[in-house]
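Working notes for the structure below.
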Amino acid sequence: MSRAREIADLGSPAASGLSNRNLIINGAMTVAQRGTSFTSISGVTYSVDRFFVQDVNSAAGEATVSQSTTAPDDFINSLKIDVTTADTSLVAADQYKIEHRIEGQNISHLNWGTSAAKTVTMSFWIRSNKTGNTQVALLNSANDRAYVATFTINTTDTWEKKELTVAGETSGTWLTTNGVGLRLRWGSFGSTYQTSSIDQWVSSEKMSRDDSPINFFDNTANELYITGIQLEVGDTATPFEHRSFGDELARCQRYWCQSYPHGTAAGSNSPNTVLRKLANGHAYDGIGEFQFPTEMRAAPVVVLYNPVTGTVNGFRGDGSNFTGAAIHGTTTRGFSIYRNASVTATVFTSIHATCNSEL
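In my numbering, the protein residues as written are 29 to 387.
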């Protein structure tokens, strides 16, 4: 018997390759560059990289989102949502969602939107004190093709592994550029986004089943954990593809990087290394240059911070705080910083930056 046949017979993922099977970045929730806990989901909140939590339509509920150390066997982290303000009755347009976006270039081989579309299988671990019917939705960039894949949380406060197979979509437009190729959404949604057409493709923005799905925000005692998310080609869920922390971090840094230490929130008091010595009174001096650790998806939105006070567009110099830092020449590889106001002394400067190229 050949070695390849032996591997296949043992249930290993030989058919789709032993590596690079998982289309999800940071599915084990190990990378959390921005910080590990945030107390609001108003707007877009990342507590772990590549997964954001958001309420839409000014929904009344609120939650703390964190990188948790509660995890099933073989994992050390999960994404946790801890409800702090309840919303007992969702209005039609309400959305409470966890979303992951996959770059179009990374799904091009799925051939979605053509007759050669490939089937995919999603697997993940989920845990909640809420039991009942729920779902995960797959959508294209335009939100006009959707598949609501349904499952049930059976037991309270218990890790359960879910495996869901989705037929490849032969219709619609699926970007294969550096834009949004595929959206994945878990959560609770109002009636506008509910459908009885479950486990099949539909031509509108649907994200929830309509048969009394779980409202994860109906009580401040509610908690939701998720980890081990994998999306792969084929009709079978294979064991989770664990990648090294360094590999996962580098993948995440295509979409977000920062000069702050890993896990340190922007604006924190976190002194940085000296970038450049500025001469007395000279305006428009260059402060320094940032080179990104990997080429970013697109030229990012850059925000500068004084490393001690957290002041936006400020910088630190020899124990004093200055304003007037500005950005010049941002590309996918880096950018330059200069000051547009004179400094009245010769100082050594330091500054922090965050760089956002999320989908």
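All residues carry an ideal CB built from backbone N, CA and C; glycine is no exception. None of the values given here were measured: they were computed from a predicted structure.
{"Query": "Alpha carbon of residue 75 to alpha carbon of residue 257, nearest angstrom", "Result": "16 Å"}
{"Query": "Residue 275, DSSP secondary structure in three states", "Result": "helix"}
{"Query": "Simplified DSSP assignment, three categories, for residue 132", "Result": "helix"}
{"Query": "Neighbour-count burial assignment, residue 328, 16 or more Cβ in a 10 Å radius", "Result": "buried"}
{"Query": "Beta-carbon proximity check, residue 107 vs residue 79, cutoff 8 Å", "Result": "yes"}
{"Query": "Close Cβ partners of residue 158 (< 7 Å) along its chain, the five nearest in sequence each way excluded", "Result": "181, 242, 244 and 250"}
{"Query": "Closest Cα partner of residue 132 within the set 160, 198, 208 and 69", "Result": "208"}
{"Query": "Cβ-Cβ separation, residue 294 to residue 359 (assumed contact under 8 Å), whole Å", "Result": "About 21 Å separates the two Cβ atoms, so there is no contact after all."}
{"Query": "Whole-angstrom distance between residue 219 and residue 199, CA atom to CA atom", "Result": "25 Å"}
{"Query": "Counterpart residues of residue 356 in DSSP-defined beta bridges", "Result": "364"}
{"Query": "Segment contact flag, the segment 176-190 with the segment 280-288, C-beta cutoff 8 Å, min 3 pairs", "Result": "no"}
{"Query": "Exposure label - residue 43; buried when at least 16 CB within 10 Å", "Result": "The pLDDT assigned to residue 43 is 46, lower than 50, so where the model puts this residue is not dependable; a value taken from the coordinates is nonetheless given after this. Residue 43 is exposed by the Cβ-count criterion."}
{"Query": "Reduced DSSP category for residue 125 - H, G, I as helix; E, B as strand; rest coil", "Result": "strand"}
{"Query": "Residue 223 classed as buried or exposed, judged by whether at least 16 other C-beta atoms fall within 10 angstroms", "Result": "buried"}
{"Query": "The segment 117-130 / the segment 81-96 touching (three or more Cβ pairs under 8 Å)", "Result": "yes"}
{"Query": "Outcome for residue 104 when other beta-carbon atoms lying within 10 angstroms are tallied against a minimum of 16", "Result": "exposed"}
{"Query": "Segments assigned beta strand (DSSP E), at least 3 residues, entirely inside the segment 237-273", "Result": "251-261"}
{"Query": "Outcome for residue 71 when other beta-carbon atoms lying within 10 angstroms are tallied against a minimum of 16", "Result": "exposed"}
{"Query": "Proximity below 8 Å, CB of residue 226 to CB of residue 237", "Result": "yes"}
{"Query": "Contacting residues, own chain, Cβ-Cβ under 8 Å from residue 73 (five flanking each side not counted)", "Result": "66, 80, 81, 82 and 93"}
{"Query": "Environment of residue 165 [buried if 16+ CB atoms lie within 10 Å]", "Result": "buried"}
{"Query": "Rounded Cβ spacing between residue 127 and residue 211 (contact assumed at less than 8 Å)", "Result": "6 Å"}
{"Query": "Runs of beta strand (DSSP E) wholly within the segment 111-198 (minimum 3 residues, chain order)", "Result": "123-131, 148-156, 160-167, 174-181 and 188-194"}
{"Query": "Whole-Å CB distance - residue 194 paired with residue 148, under 8 Å assumed", "Result": "5 Å"}
{"Query": "Rounded straight-line distance, which links the Cα of residue 344 to that of residue 135", "Result": "44 Å"}
{"Query": "CB contact flag (residue 287, residue 161, <8 Å)", "Result": "no"}
{"Query": "Nearest neighbour of residue 325, chosen from 267, 156 and 129 [CA to CA]", "Result": "129"}
{"Query": "Member of 221, 384, 297 and 317 whose CA lies at the smallest distance from the CA of residue 330", "Result": "384"}
{"Query": "Boundaries (first-last residue) of the beta strand (DSSP E) holding residue 80", "Result": "79-84"}
{"Query": "Extent of the continuous beta strand (DSSP E) to which residue 103 belongs", "Result": "Careful: residue 103 lies outside any beta strand (DSSP E) and carries neither H nor E."}
{"Query": "Helix, strand or coil at residue 46 according to DSSP, with G and I counted as helix", "Result": "coil"}
{"Query": "Residue 264 versus residue 49: straight-line alpha-carbon distance, rounded", "Result": "12 Å"}
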